[in-house]
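In my numbering, the protein residues as written are 31 to 451.
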C-alpha cells in the first residue's frame, strides 16, 4: 500500500505508552499502523478517545510479544484477531489484518492476511478505512480523507452489500452523518439504507441503544432523525404507536439550543424530547427495546410525567418542595423539556428563572432523626415515623428554614398535643 500524504502527529501518537506498544509490534520490521476512528479524528486534528492498531502479526504472536515486554495482553476477540494491550493506563486494541470469508450479521468468518488494502476493504466507511504510521504518514486506499473534508459519509464498496453483511452499518451511517456529514447525504448510501431499513428489526436492543444515543449526542440530530423518518428508517428504531413529527423535531432542536446554553448535553433527555407525546408506559416499552438500565428506564418514564409545579405561577418555595421531593435531576429534566416545548422567546424570562433556581438551590438535610423522637420517651414503632413526617412537612412548608432547635420544639409540641398510647 502506497502512502497518500501525511498529517502532523498528535501527542497521543508519540506518547510513551503508545510508543511502547508500537515498538513491540515493529521490533522485527513488520509495520504497525493506527487505523479507524483514531486516524479519522487525527486527520481532523481531534484527540482520540480510543486507539486502534493494525498489524500483519498473528494474534498469538501479538500476545507473546506484549507479555515478553511486560505489557498486559487481554484476548478480547482473539478468534477474530483482536488483542487489547494495556500500556500505562491506556488501552490499545490491536487487530491482525484480515478479510471476511463469510458474514452472518454481527458475526463473520475471517481469514488473516498481510494485505493492507484487503483489510481496508472490509471496513464500513471510507473515512474509517485509513491507516497512519506514528510519524504521520497516511494510507488512504478509498479516498476517505477527501470524503471527510467534504462531509461525505460513503460506504466502502457497494452500500447494499455492506449493510447485508451487518445491519448495524445502516444505523452507523446516520450516526456518522450526524457527527461528520454535510448535506446532501450520499445518494447511494441513503438509497441502500431506505431499501434495507427492515433489517434493523433484528438488531439487539444494546446495539440499537448505543447507536441512537450516540446519534442524539450530535447537535445535528433533529435534521438527521428527520432524514431517517423521511426514508422510513426511524420507525424501525422506536417501537411507539406514534412516530415523531415536525413538532417533535422542532422541540428537540429547541432543547439542543437550551442544552448548549446550560452546558448540559444529555442524550436520554434528547430522546425524551423526540418522543414526548408518548406516555410513561410507552416510554417503558421503549426503554425495554433499547435495553436501558433500570435507572435510565425509570428516568425516561419519569420525564413523561412532569411536576405541575412547573407552571408560570410557581413560587421559589414551590420549586424548593418539588426539588426536595423529586430530586434536582428530575426537576431539571422537566424544566428543560417544558421550556423546549414552548415557542422560542415565549416565557423566556420565567423559564430561565426556574432553571437558575433549580440549579442553584442547595438541597437541605432534614435536621432530625428517629433518635430525637426516642430520646423524648417514645417507644420504637410506626409512631416515630409519623412524628418525623409531620415535623418534616412543617419544616418544608416554611421553605426548609427552621433550625434544628426549632424543629425539636415543634416535635415536642406534637408529642404534647397527641401523646402516644
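Note that CB positions come from ideal geometry on N, CA and C, so glycine has one too.
{"Item": "Decide if residue 395 is buried, meaning its Cβ has at least 16 other Cβ atoms within 10 Å, or exposed.", "Value": "exposed"}
{"Item": "Measure from the alpha carbon of residue 236 to the alpha carbon of each residue in 92, 201 and 256, then state which is nearest.", "Value": "201"}
{"Item": "To test your reading of the DSSP string, which unbroken beta strand (DSSP E) runs of 3 or more residues are found completely within the region 200-266?", "Value": "none"}
{"Item": "May I have a chain-ordered list of the beta strand (DSSP E) segments no shorter than 3 residues that lie completely inside the region 120-172?", "Value": "120-126, 128-134, 137-142 and 167-169"}
{"Item": "Just tell me which of 360, 351, 290 and 123 has its CA closest to the CA of residue 334.", "Value": "360"}
{"Item": "Which of helix, strand or coil does DSSP assign to residue 400?", "Value": "helix"}
{"Item": "What would DSSP say about residue 363, mapped onto helix, strand or coil?", "Value": "helix"}
{"Item": "On a Cα-Cα basis, can you pick out the residue from 119, 61, 139 and 415 that is closest to residue 42?", "Value": "119"}
{"Item": "In chain order, what residues of the same chain have a beta carbon less than 8 Å from the beta carbon of residue 264, not counting five sequence neighbours either side?", "Value": "255, 258, 273 and 274"}
{"Item": "When the Cβ atoms of the region 216-232 are set against those of the region 241-249, are three or more pairs found closer than 8 Å?", "Value": "no"}
{"Item": "Can you give me the C-alpha to C-alpha distance between residue 291 and residue 384, rounded to a whole angstrom?", "Value": "14 Å"}
{"Item": "Could you tell me whether the region 309-329 touches the region 278-292, where touching means 3 or more Cβ pairs closer than 8 Å?", "Value": "no"}
{"Item": "Mind checking which residues open and close the beta strand (DSSP E) that includes residue 279?", "Value": "No beta strand (DSSP E) contains residue 279, which is instead part of the alpha helix (DSSP H) from 276-292."}
{"Item": "Using a Cβ-Cβ cut-off of 8 Å, state whether residue 418 counts as contacting chain D.", "Value": "The structure shown contains no chain D; it is built from a single protein chain."}
{"Item": "Note down the Cα distance separating residue 440 from residue 397, rounded to an integer number of angstroms.", "Value": "12 Å"}
{"Item": "From which residue to which residue does the alpha helix (DSSP H) around residue 298 run?", "Value": "297-304"}
{"Item": "I'd like to know whether the C-beta atoms of residue 208 and residue 281 end up nearer to each other than 8 Å.", "Value": "no"}
{"Item": "Alpha carbon to alpha carbon, what distance is there between residue 425 and residue 435?", "Value": "12 Å"}
{"Item": "Of all the options 363, 176 and 168, which has the alpha carbon lying nearest to the alpha carbon of residue 155?", "Value": "176"}
{"Item": "Considering only C-alpha positions, which residue in the set 423, 393 and 411 is nearest to residue 401?", "Value": "411"}
{"Item": "For a test of the three-state rule: what should DSSP assign to residue 54, helix, strand or coil?", "Value": "helix"}
{"Item": "Note down, in chain order, each residue of its chain lying with its Cβ closer than 7 Å to the Cβ of residue 244, except the 5 sequence neighbours on either side.", "Value": "205"}
{"Item": "Put residue 419 into one of helix, strand or coil per three-state DSSP.", "Value": "helix"}
{"Item": "Go through the region 51-115 residue by residue and report every complete run of the alpha helix (DSSP H) that reaches 4 residues or more, in order.", "Value": "67-73 and 89-98"}
{"Item": "Thinking C-alpha only, which one of 393, 389, 388 and 416 is nearest residue 399?", "Value": "416"}
{"Item": "Tell me which residue opens and which closes the alpha helix (DSSP H) that residue 447 is part of.", "Value": "434-447"}
{"Item": "My output table needs one value for residue 346: the three-state DSSP class, helix, strand or coil.", "Value": "helix"}
{"Item": "Any idea what DSSP makes of residue 35, helix, strand or coil?", "Value": "strand"}
{"Item": "Can you find the residues in the same chain that come closer than 6 Å, C-beta to C-beta, to residue 62, ignoring five residues on each side of it along the sequence?", "Value": "52, 55, 56, 83 and 85"}
{"Item": "Determine the contact status of residue 93 and residue 113, defining contact as a CB-CB distance below 8 Å.", "Value": "yes"}
{"Item": "Just confirm the distance between the C-beta atoms of residue 162 and residue 37, as a whole number of angstroms; I'd bet it's less than 8 Å.", "Value": "7 Å"}
{"Item": "Which residues in the same chain have their Cβ closer than 7 Å to the Cβ of residue 181, if we skip the five residues on either side of it in sequence?", "Value": "210, 211 and 212"}
{"Item": "According to DSSP, is residue 390 part of a helix, a strand, or is it coil?", "Value": "helix"}
{"Item": "Rounded to whole angstroms, what's the CA-CA distance from residue 329 to residue 357? Just pull it up for me.", "Value": "11 Å"}
{"Item": "To the nearest angstrom, how far is the alpha carbon of residue 116 from that of residue 47?", "Value": "9 Å"}
{"Item": "Classify residue 336: buried if its beta carbon has 16 or more other beta carbons within 10 angstroms, exposed otherwise.", "Value": "buried"}
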